[in-house]
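Encoded as structure tokens, the structure appears first; notes follow it.
Residue numbers (the UniProt record's numbering): 1 to 1078.
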């Protein structure tokens, strides 16, 4: 038996010959310091090498390389080296093993070698000779290994694992990694991880944590938007917007040389030109025009006088601060012409002239600031007549490129406002190739810059589960005054809660006779440090808590809550109520609220809706505070007129087909919940499609599997075709994400904006999936592939239901056949054989001939007529139906017009004819107004849609039509009952089926197809089109098939109930009312 030379033998020899340090490091005098520094640097990576051990422990790299040794013969060489040693392999590596490739059995041989290396590494980390062999057996008693067992092999020095190294083949074959040495990371250049945490690589959304700070993400610009808001709070509204046109800017010699060498003109060297133009424009804007960063003073001694600076040394500096954003616009640009009286005049003439004049007031004198602090640039009558915008002669003389200056002119001629111009500046970003180059140079040339520094912060709120560290620092801060708000404190402190350096420098210059803390409490801020505090929208009650926390001083965040309000006001109005009590002068003043929202760059429609919401909620809060409404009123039972979607799973028998479906769903969910087996999950997964007739248990099985997935911590999305179905499903499953298909998958947006949406979910259920068009299904398929095919994507539907409104169905896509299909046949919802036979006949066939006519008149209609002898019902017909059913029926129609007719009759007989007091008549949702549609049922385009007239009575049943507060069930399709109308706040008080009391305010809809519409987002709720109820289960239904030849309308309407006795059918019914879907 040949003796084996183990690594500890080699290290022992190096130690005994005083060559250990020269093997470990290039600097033998600093080995201990280098070891200690190395392990300190890796402390954040959880390397457990600390204290004295760190100085005596060498970081060890293991290498595996495939080497050509003779002709085409190949060997695998396993070796090791110290991570501190730099140099060629022959002087740094020690060989462990050489294996000829023909003798390998891949991958088993490599796996076996890896196990041995693992044992070797564990021994080396002890610093002692091993007491046993690799198999755990003791050494022979008389052997050398037994004699030296547990003795130091290198005088107490150890070797700890640092890294595996090798070529790409070694990574794939030996380490079994695709891209990285670190098994949990998929890339050496970003923190994207395979672990199921915030950096999981499956999250391809634009707000993924590993994309933090990237300028193409929405989060980047949302943060900068928040910073601009704070800058405006400190300094006021901006007085000048500058936009330079860079076409004629001077180029440096190196860039001109590169253009000559490459034989390219301007705008054809994307990278060099982008970086050069950004550099000169940034320097011009930041230094010469504005005089340098506010925090640090003048940035360069090369600029003796800022362009906007004082003209005399004794004058005060007029510029408080600035903000800049680099963006390359794809506008029309021309070479500057010099055919003018002044050599610079050509640059001005070549600018983009205004179509209706320059937009600037005349000013023949020199540029100056008005006493109010606004900038007035020189603008001659000739320039105004030519539509030329104002420009700065000095800037143009130096930079020689076009300019565009815009100034809020309300102080001059009232034609424009800083708010209007700021909307685009604050909210738009359209990246192109130059912006991609800037992303590579973001450290030197950021696309957004300020005169001060920026501190990101998530705005806190009273009652939040865990306070941020900066809130605790603020609460315990001893030097701040009792009147200093959290926002001001953040502007004047660093991350440790200490007074920030700019305050100390300002105190040294201007704080004579005051202590530093006194100066810090009293000095004004002008944007030296801006706080990018991100908040939710004002329509969320949390917004008011965030405003309180940022703007009102406190010693404990919980002190901002009022005990009396907590006891009387429902949770979803508490923070608004606290804001009204503690800062009523602001939140009860429309002008101040409007100014706050304008400061944030919101449009008029958003502001109008916010003010309407505040009026309604203020009235509602007052009713709770004075006892008119009670927080603890018992919740109503779910209304029988809008029963929940899906079957009662406790009553459903699970048959063989349903068991197969449940197993397929659960297997896919289990794979999705295993983050380390992503590849295996992707290979095994396919989109799962379940089809079957109404009542066969598709929804019931999905609900059982959904509940199991919830218990296992799965992230779940449930998507449905209509808001009404989504509202019902949200009632059954309040703890998961439920939305309409269009909102859940952003079907109205470009694919690239929605491609990553499924990456954050483990289970995605799409009910009534065949309502999707073929295009939308293929889009959903691409989104699933973008999520690495890992999520369980379950599609439920019935090919014999109502056809898709888009004209094509999901199963028309060629990719539909790639899905795994499970078909259910047994109907569970139908509880009697009579109704079951009717539905079986109507499902795929149209009644024909005399037999068909007999089936319709006798089997369908006999004993079930709601009214006869006329197609359209009268008010008396509707009254009779409501009386026969105890007001418990739901009317379903083919068209919106038919639903509107029945809703009007129901309102008349239930309220008007009974002399109920009319609360008000309000403009309702325009989709319920028959006059808005042409004869083909399409929305008219010749005028803006007109709201429908909705009479309000106490107890009136209505349906909400907008998604304005999903958390509290203010969603499209939610059924509610009118409780009151508040004329002072112009709002309707309703109670939803789920027990929430909501204030329904007048809504400004700026996205109406042909114009702006103001209406209350509700409609009468006694009848609805059959599309709204597809997928629902109703206790009783009254069917009016008001348009013949509607595919599947009759079949779907009758299949909403369990028993044959639970339906009525009205009008003149013929065989043409029962046309199958296909």
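In this text, a Cβ means the ideal position worked out from N, Cα and C, and glycines have one as well. A quick note: this is a predicted structure, and the numbers were derived from the prediction, not measured.
Residues in its own chain within less than 6 Å of residue i by CB, not counting five upstream and five downstream?
i: residue 821; result: 689
i: residue 825; result: none
i: residue 998; result: 970, 990
i: residue 58; result: 24, 82, 159
Nearest to residue i by alpha carbon, out of the options?
i: residue 232; options: 381, 976, 452; result: 452
i: residue 1038; options: 986, 940, 993, 903; result: 903
i: residue 735; options: 707, 955, 745; result: 707
i: residue 97; options: 621, 885, 692, 62; result: 62
i: residue 957; options: 685, 532, 1018, 768; result: 1018
i: residue 536; options: 1057, 1047, 965; result: 965
i: residue 899; options: 885, 1040, 75, 875; result: 1040
i: residue 758; options: 818, 672, 605, 808; result: 672
i: residue 479; options: 1066, 521, 713; result: 521
i: residue 534; options: 16, 982, 221; result: 221
i: residue 884; options: 864, 775, 658; result: 864
i: residue 32; options: 237, 156, 16; result: 156
If I measure Cβ to Cβ from residue i and keep anything under 8 Å in the same chain, skipping five residues before and after, which residues do I get?
i: residue 842; result: 1050, 1051, 1054, 1074, 1076
Rounded to a whole number of angstroms, what is the C-alpha to C-alpha distance between residue i and residue j?
i: residue 862; j: residue 909; result: 26 Å
i: residue 103; j: residue 23; result: 32 Å
i: residue 748; j: residue 780; result: 13 Å
i: residue 227; j: residue 603; result: 19 Å
i: residue 1081; j: residue 800; result: Residue 1081 is absent from the structure shown; the chain starts at 1 and stops at 1078.
i: residue 661; j: residue 557; result: 51 Å
i: residue 235; j: residue 229; result: 10 Å
i: residue 638; j: residue 789; result: Bear in mind that the predicted position of residue 638 carries a pLDDT of just 39, short of 50, making it unreliable; the figure below should be weighed with that in mind. Between residue 638 and residue 789, the C-alpha separation is close to 38 Å.
i: residue 77; j: residue 125; result: 22 Å
i: residue 810; j: residue 1010; result: 30 Å
i: residue 255; j: residue 1015; result: 59 Å
i: residue 917; j: residue 911; result: 8 Å
i: residue 589; j: residue 772; result: 46 Å
i: residue 278; j: residue 518; result: 42 Å
i: residue 13; j: residue 501; result: 56 Å
i: residue 541; j: residue 574; result: 7 Å
i: residue 947; j: residue 894; result: 21 Å
i: residue 181; j: residue 961; result: Note that residue 181 scores 41 on pLDDT, short of 50, meaning its location in the model is unreliable; the coordinates nonetheless yield the value given after this. Going from the Cα of residue 181 to the Cα of residue 961 covers about 53 Å.
i: residue 609; j: residue 1004; result: 6 Å
i: residue 258; j: residue 267; result: 13 Å
i: residue 712; j: residue 718; result: 17 Å
i: residue 794; j: residue 756; result: 18 Å
So, at 7 Å on beta carbons, what are the nonlocal neighbours of residue i in its own chain, with the 5 sequence-adjacent residues on each side left out?
i: residue 366; result: 378
i: residue 579; result: 544, 547, 548, 587
i: residue 134; result: 116, 119
i: residue 9; result: none
i: residue 668; result: 685, 688, 792
For residue i, count neighbouring Cβ atoms within 10 angstroms of its own Cβ and tell me buried if that reaches 16, exposed if not.
i: residue 73; result: exposed
i: residue 261; result: exposed
i: residue 1062; result: buried
i: residue 754; result: buried
i: residue 1002; result: buried
i: residue 750; result: exposed
i: residue 840; result: exposed
i: residue 698; result: buried
i: residue 674; result: exposed
i: residue 147; result: exposed
i: residue 983; result: exposed
For residue i, list the residues DSSP reports as bridge partners.
i: residue 529; result: 453
i: residue 977; result: 957, 991
i: residue 161; result: 60
i: residue 970; result: 965
i: residue 999; result: 989
i: residue 739; result: 719
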